[in-house]
Every structure is written in structure tokens, then in C-alpha cells.
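Just below is one structure, and these are the notes that go with it.
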Amino acid sequence: MTQGIVAAYFKEHYGRHPIMVKAPGRINIIGEHTDYNLGYVLPASIEKSIYFAIQKNNTKSLQIEAFLSQPEKITLSVDGTPGKFESPWGNYFQAIWGILLERKYPVQGLDCVFGGDIPIGFGLSSSAALCCGFTYAVSVTFNLNIPRSEIALIAQAAEHRIGLNCGLMDQYAVLFGKKSHALFLDCQDLSFEYIPIKLKGYQWILINSNVKHELAVDSEYNLRRKSCEAVLDRLKERNKNITSLRAASLEDLKSIEGTISKIDYRRAFHVIQENDRVLKMAKALKEGDAIGVGTLLWEGHSSLSTDYDVSTKELDFLVNIAVQQLGVIGSRMMGGGFGGCTINLIKKELAAKAIKEIITAYKAKTGITAIHYPVQIGNSLELLST
Ligand code: GLA
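Numbering (the working numbering), first residue to last: 45 to 430.
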């Protein structure tokens, strides 16, 4: 539907046929804050997507128009001179363009309209979809043939430029996801394997706390990363073979306990255990062990809330209410944290009732209306026919 609207709008306003690109959002089954520690993650691309209509315009400028709830059009110069705009999304386009110029890609003027149905700022990686989707769309428009692995790095560099020192989980999920599967990604060598996540009789449901996260702005995310790096520096002093927290064991961490801050200790404690949870989760999914999957979700949440301290009172409440519902066998906050969604595994026949109870209790406690989305795992970023 959105695809059709974006394409029609482009044709109407720019008078020609666009190239159409679809870039999906992502969920994450488990493995939070492990990616930048070169560990494992288990995300999946979802049907909710951003659609781009794009075409060269043979001018010296880029006209980019958002077809979102608040429409806005910005103009950027092909030579990378910083543009003036209100909307935060403009920064992503500007950053991507600057990086493409620095890497000497022969890019020229273009018109682009984009819009979609990924809720923005709720932990479903709308910004990774925006950055990967735009880079891919530019690559197709000018026949640049940028490999997907390179698009991931360009998109990550754009996030870093804007201020979020993220890992590569989101970009890989957007670029390499596969329908009905999770992407079991090793962030050390970026190799991956697809794992079916269908569990017979169960349904994955997202519940959006409707509290937005602003990871870059509040910079708590970057502070977590700094904590991990501080611990790693200490570990390296003892054992130079430990080149990331992924390579560290709990015993290694214990051995330096007295030499690092209590907070840093808890951060690393989460990362080391979370990494192990991803391996256990991959096994439980392969074996169709729903109870095992659910248990890992609860454990993951508790660790993110208590040790990594990236949950919010709203997310904690959603998870605590979910525990009490018949049929919910696992629930945890999902993504970078500080707002966004919980991911829940619920018995199919009990799902409607459980969701209703959770949303009602949440409204009574916080005054906020939570929204739920059944998870639909879709394919990765793709070129669409017009
Ligand atoms: C954000 C970042 C990712 C990852 C997650 C937490 O989504 O963009 O790189 O670190 O948070 O797992």
C-alpha cells in the first residue's frame, strides 16, 4: 500500500517513473549490546519497511521528500555543502551523501521520495532502514554496484557521524534478512546463518511502549560502549588474546573485578552472559524448544534492566505484566533500550486475551496507550518493480 502511494506521488510530482526500493525494519530475538563487542546477535528483517522512489534529475542538487505524517522536502547540494533543514531525518541523508562523496562514488543530482510504516524511534531500526535503503537506491540509480557488506559499513558510518556509536546488527538485518528466518550473525567476522524462528503453536508479538528512545541524543548508548571498552582495556593488560568482550569469560571478568568500577563490571557481566544466551537461543530455536526460548527472553530482560541498565520503567512494567499472563512464555525489551518495544512469545490461542490484559494494565498504570504488532518476518532490502 505505502509502496503504491510513494510511487504514485513521485510520478505525479516529478513526472517520471522512479526506481523503487524497499528497506525493512528489524526485530531482535536476542543479543543486545553484543554487536559492538564483536559477539553474536539474532535479529530478523520485518515486513514494516521504508519505501524509496528515486531517479536522477541531471541537476546539481538532491531533492528529498518525506512522505511521512509530517511531510517535508529538503534540498542538498551534490557537492556535499551542508543543507538547511528542520527534520532530523535530513541528517541521515546528508551523512550518507558526504560518505559517498568521500569514498569517491560518482554520484549526481537526484529526486527522492520516501515513506513507510516503520514506527520511528521505537527500536525497529528505522534509521538503519533509511541509511541502507538510500545508499542502495543511490547505488542502483548510478550503477555503482556497491556490495551489501559495504552498504552496511556506509550506513554504520552515517550513524557514527550523527552521534550513535552503534554496531552492525541493524544494518545486517536490513540487508541480509530472510523471510521466516532469524539471522544468526557473528559480529566478529560478519558470517551468518539463517535459523527458522517459527515455533509451532506460538506467535511473536511486539508491544510498543509508546515511549520514544533517542539513543544518539541522550548518549547513554555511547556510555555503555565506553564501559565495555574500559573493561576490555583491563582484560587486555592481563591477557593480550582477549581482543573483545566476546573472547572473555566470566572468570576473566572476575579476575579484574577489583580493578574496574562496579558499574563497568555489571555492564561487561551482561555482555558476556548475553553472548552465551544468543548461542543457547540459536540451539533452542533449532530444537523447537519454546520453553527454552521463553526462559532466555526473561533472562535477557532481567540482565538488560538490572546490569546493563538500558530499560525504562514502562518497559519493565510491560514485561512484568506479561509474566503474569497465561500463554506468555517469554518477554523482554528489544533493541538499544531507553524506550521502544518489548518482544513477546505467546501461545497462539491465548494471544488475543494476553495482549488485551497487558495493554489495559499498562494504560491504567502509565496513562499511555501501547500498540501491538504481530511480527511478520519479511525479506531483506530489495529492488521493486514499478
Ligand atoms: C541499537 C544499535 C545496534 C545494537 C542495538 C543493541 O539498535 O544500532 O547496533 O547495538 O542497539 O543491541
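Where is the CB? At the ideal position from N, CA and C, for every residue including glycine. Because the structure is a prediction, the values reported are computed rather than measured.
Same chain, Cβ closer than 7 Å to residue i, neighbours up to 5 away in sequence not counted
i	result
R290	N81, L82, G83, Q232 and N319
L267	none
S171	Y136 and E203
K242	S224
I307	S271
A51	P62, M64, A97 and T430
G142	G124
beta-carbon residue i near the ligand GLA non-hydrogen atom, thresh 6 Å
i	result
H345	no
M213	yes
C210	yes
H77	yes
G379	yes
Bridge partner(s) assigned by DSSP for residue i
i	result
I304	Partner(s): none; I304 has no beta bridge.
L427	V65
A88	I71
R376	I387
P240	H225
N102	N102 is not bridged to any residue.
W248	L389
S235	D230
H416	I251
Y95	K66 and G159
K117	E109
Proximity winner among the options, relative to residue i (alpha-carbon distances)
i	options	result
H77	C175, E194 and S288	S288
L234	Y246, G211 and S253	G211
V65	Y216, E301, F178 and A366	F178
V337	P240, Y58 and F186	P240
M213	L197, L120 and G207	L197
I118	A97, Q99, Y149 and D155	D155
Q99	M378, E331 and K55	K55
I415	Y95, L428 and I387	I387
K128	G48, S424, Q107 and L229	Q107
V419	T46, P87 and Q47	P87
L188	I74, Y238, Y149 and L145	Y149
E295	L427, F313 and E264	F313
V85	I335, T356, Q369 and V315	V315
L341	A366, Y58 and L394	A366
N423	G165, Y417, L219 and S131	L219
A97	Y238, E358, V184 and G134	V184
G221	N72, T413 and R376	N72
G383	I412, T303, V157 and G332	I412
Close-in-space but distant-in-sequence residues of the same chain around residue i (CB under 8 Å, 5 per side omitted)
i	result
I140	C175, F178, T179, V182, I198, A199 and A202
S121	K104, S105, L106 and G127
L145	D123, G124 and V151
F236	Y216, F220, L227, F228, L229 and D230
K3	Shown here, the chain extends from 45 to 430; a query on residue 3 therefore has no answer.
Cut-off 6 Å between Cβ atoms - residues of its own chain near residue i, not counting five sequence neighbours on either side
i	result
I390	Q247, I249, G371, V372 and A398
L168	G69 and I162
D351	R310, F313 and H314
The ligand ZN heavy atom lying under 6 Å from the CB of residue i
i	result
T356	With respect to small molecules bound, the structure shown includes the ligand GLA and not the ligand ZN.
Inset, instruction - For the stretch 121 to 160, list the alpha helix (DSSP H) runs that are entirely contained and at least 4 residues long, ordered along the chain. - result: Those alpha helix (DSSP H) runs which fall completely within the stretch 121 to 160 and span 4+ residues are 133 to 146.
Inset, instruction - Report the residue ranges of all alpha helix (DSSP H) runs contained in full by the stretch 165 to 228; include only those spanning at least 4 residues, in chain order. - result: DSSP runs (the alpha helix (DSSP H)) wholly in the stretch 165 to 228: 170 to 185, 192 to 206 and 213 to 220.
Inset, instruction - Identify every run of the alpha helix (DSSP H) within the stretch 280 to 332, keeping only runs that are complete inside it and at least 4 residues long; order them along the chain. - result: Scanning the stretch 280 to 332 for uninterrupted alpha helix (DSSP H) segments of 4 residues or longer gives 294 to 299 and 306 to 330, listed from N- to C-terminal end.
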